[in-house]
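Asker: Have a look at this one before I ask anything.
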Amino acid sequence: MPGKFIVFEGIDGSGKSTTIAAIAERLAAAGVKTIQLREPTEKTDASREIRRILRTATKIDAKVSGDLLDLFLIDRLWDIKHQIEPALSSGNVVLLDRYFISTCAYQSADTGETLNILQKYLDDTRILRPDALVFLNLPTKIAVRRLADRSARDVFETETRLEAIATRYAAAVRRLQESAHEIKVHEISHELTNSDFDTLADMIKGIIK
Numbered sequence: 761m762p763g764k765f766i767v768f769e770g771i772d773g774s775g776k777s778t779t780i781a782a783i784a785e786r787l788a789a790a791g792v793k794t795i796q797l798r799e800p801t802e803k804t805d806a807s808r809e810i811r812r813i814l815r816t817a818t819k820i821d822a823k824v825s826g827d828l829l830d831l832f833l834i835d836r837l838w839d840i841k842h843q844i845e846p847a848l849s850s851g852n853v854v855l856l857d858r859y860f861i862s863t864c865a866y867q868s869a870d871t872g873e874t875l876n877i878l879q880k881y882l883d884d885t886r887i888l889r890p891d892a893l894v895f896l897n898l899p900t901k902i903a904v905r906r907l908a909d910r911s912a913r914d915v916f917e918t919e920t921r922l923e924a925i926a927t928r929y930a931a932a933v934r935r936l937q938e939s940a941h942e943i944k945v946h947e948i949s950h951e952l953t954n955s956d957f958d959t960l961a962d963m964i965k966g967i968i969k
């Protein structure tokens with residue numbers, strides 16, 4: 761039986777990695793096979809160039825954003841073909857840390873551009889649509905407080921930029937709900953607790969059945 765594809769989205773510091781690990785643990789305890797992936801993959805030349813740009817850029821202008829859009833698409837198509845689809849074919853639940861919604865939010869200058877990028881992804885038949893999207897819409901101030909503990913931060917990780925990105929994220933998720941009804945969207949706007957992890961794990965088990 762084919763597996764299920766679950767995507768986790770949210771600004772830096774929203775808790776995606778912690779949430780994925782907690783859910784994977786709960787699903788494993790229930791006998792559900794999972795594979796945890798993230799984008800950029802760090803397995804392609806495109807993904808390594810993305811990391812280099814984010815590590816060294818002091819500002820994100822139109823050219824850099826355009827370059828990142830192209831690189832993310834290259835890396836994403838590789839991820840779908842070589843990691844996501846094979847895992848799903850083997851019956852795994854794929855838990856993916858970021859997908860095309862993050863690209864729409866981060867590589868755009870305003871919500872209009874965000875929605876244009878989203879539409880291009882929705883129209884692209886090469887892009888596999890997830891079964892569910894978990895949107896961690898954590899207040900920016902909490903996310904920034906968490907990021908303060910990181911030794912290395914990229915050009916996006918300031919409160920002002922993250923506030924703008926959070927606004928674009930919300931717009932993209934709303935449009936996705938309007939345009940892709942087959943994708944189950946679960947939004948959480950507070951710091952997650954064990955109860956939330958239980959709820960999310962149960963939601964995924966419900967999708968599997």
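Just so we're aligned, residue 761 is where the sequence shown starts under my numbering, counting upward by one. All C-beta atoms, glycine included, are put in the ideal place defined by N, C-alpha and C.
1) Here's the rule I'm using: 16 or more other beta-carbon atoms within 10 Å means buried, otherwise exposed. How should D821 be labelled?
2) Contact defined as beta carbons within less than 8 Å: I believe V854 pairs with I861. What is the distance between those atoms, to the nearest angstrom?
3) Return the bridge partner residues of K944 from the DSSP annotation.
4) The beta strand (DSSP E) that contains R1000, what's its start and end?
5) Sorted by chain position, which residues of the same chain lie with C-beta nearer than 8 Å to P890's C-beta, five sequence neighbours on each side aside?
6) Check each candidate in A847, D962, L888, S868 and name the one with the smallest Cα separation from D830.
7) Pair every Cβ in the region 804-816 with every Cβ in the region 930-947, then say whether three or more of these pairs are closer than 8 Å.
8) Indicate whether A903 and H946 have their beta-carbon atoms separated by less than 8 Å.
9) Could you give the first and the last residue of the continuous beta strand (DSSP E) run that contains I840?
10) What are the partner residues of L797, as DSSP defines its beta bridges?
11) Taking C-alpha atoms, which residue in K803, L787, I813, R905 lies nearest to S825?
12) Can you grab the Cα-Cα spacing for the pair P762 / V894, in whole Å?
13) Please name the residue in N954, I967, P846, D884 whose C-alpha comes closest to that of A781.
14) Looking only at its chain, what residues have a beta carbon closer than 7 Å to the beta carbon of D956, apart from the 5 residues adjacent to it on each side?
15) What does the Cβ neighbour count give for N876, buried or exposed, with the cut at 16 atoms within 10 Å?
16) Starting from the Cα of G773, find the closest Cα among A932, A931, E923, L960 and give me that residue.
Answerer: Checking against the coordinates, here is how it stands:
1) exposed
2) That belief does not hold up - the Cβ atoms of V854 and I861 are roughly 16 Å apart, past 8 Å.
3) A892
4) Any property of residue 1000 remains undetermined from this structure, which presents the chain solely from 761 to 969.
5) F765, I766, V767, L856, Y859, I943
6) S868
7) no
8) no
9) Element bounds for I840: n/a, residue is neither H nor E.
10) According to DSSP, L797 shares a beta bridge with L856.
11) I813
12) 20 Å
13) N954
14) The beta carbon of D956 is closer than 7 Å to those of I948 in its chain, skipping five residues each way along the sequence.
15) exposed
16) It is E923.
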